[in-house]
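A quick write-up on the structure given underneath.
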């Protein structure tokens, strides 16, 4: 994927972290801060950047322990509050004080923490298949695979493994789409094997805490009031229930829109037709109110 520059910053505890910076226009619109899910990285937003970069600036960090960012010495720093501290340092380094947060799963939890602590930073927000309450079925599924090492001889083998494990999440995907997902999730190691591109130790806090969020996040919904907010939910999601999503909209009020992406589980890829249309509506609200 061309069209971005690689940037680096230092976390408060001394880790060298990486982000992709896709250039936007010069009309002063706020950048998009794209925060990936638990096992994902900056590459997850390639489809979104391919569509929006040039008009919008996109900043896509690799969280600590993922992809090109350094692994933490202490596994118990793989928690949302530490990620928030890392992102706050990045924003300070880039002198960014207002942006649109695009948060998928764990990235949405970080977005909620931003709303709770620095609401004034948010020109808009996208919460992708995540909320204040995470369904236990989805959490159990996440715990079952996070931190379990995988190794494949070829990219096609990795793609087929993804299809076997996630066929019910993306039932409409073909081999080309599974291959594209594999290229975002895996890397080649020094032995030429295809392996997951994150520190296996990110699983340790989740197994200890039992939840990505860990605290009652319902009061945070009120922080999104008056901020253009899009809630995306996969119709087949096992992490965000339809009832939770509806309660989120009621908590946020008129500035919230809920879009359910049909025949997709956790989490929408942001490139489905319904997602594309909803994101365009969100960005139009950011620009024009």
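Numbering (UniProt numbering), first residue to last: 1 to 289.
The beta-carbon is built from N, C-alpha and C at its ideal position, and this holds for glycine as well.
Being a predicted model, the structure only gives us computed values, none of them experimental.
For residue 155, the enclosing alpha helix (DSSP H) starts and ends at 155-166.
Relative to residue 158, the option among 180, 171, 168 whose CA is nearest is 180. Straight-line spacing of the CA atoms in residue 169 and residue 32 works out to 26 Å. Residue pairing by DSSP places residue 229 opposite 125, 256 in a beta bridge. DSSP places residue 286 inside the alpha helix (DSSP H), whose first and last residues are 273-288.
Note on geometry: alpha-carbon atoms of residue 109 and residue 65 lie some 17 Å from one another. Secondary structure at residue 144: helix, using DSSP grouped into helix, strand and coil. Where residue 22 is concerned, the enclosing beta strand (DSSP E) starts and stops at 16-22. Contact between residue 48 and residue 270 holds: their C-beta atoms lie close to 5 Å from each other, under 8 Å. Nearest neighbour of residue 149 by Cα position, chosen from 20, 196, 127, 221, turns out to be 196. Selection 114, 35, 206 evaluated against residue 63 yields 35 as nearest (Cα-Cα). With a contact defined as Cβ atoms closer than 8 Å, residue 4 and residue 26 miss out at about 17 Å. Taken in chain order, the whole alpha helix (DSSP H) runs of length 4 or more contained in the stretch 44-74 are 46-52. If only complete runs of 3 or more residues are kept, the stretch 81-134 shows the beta strand (DSSP E) at 99-104, 122-128, in order along the chain. Within the DSSP bridge table, the entry for residue 26 names no partner.
DSSP places residue 218 outside any beta strand (DSSP E), giving it a letter other than H or E.
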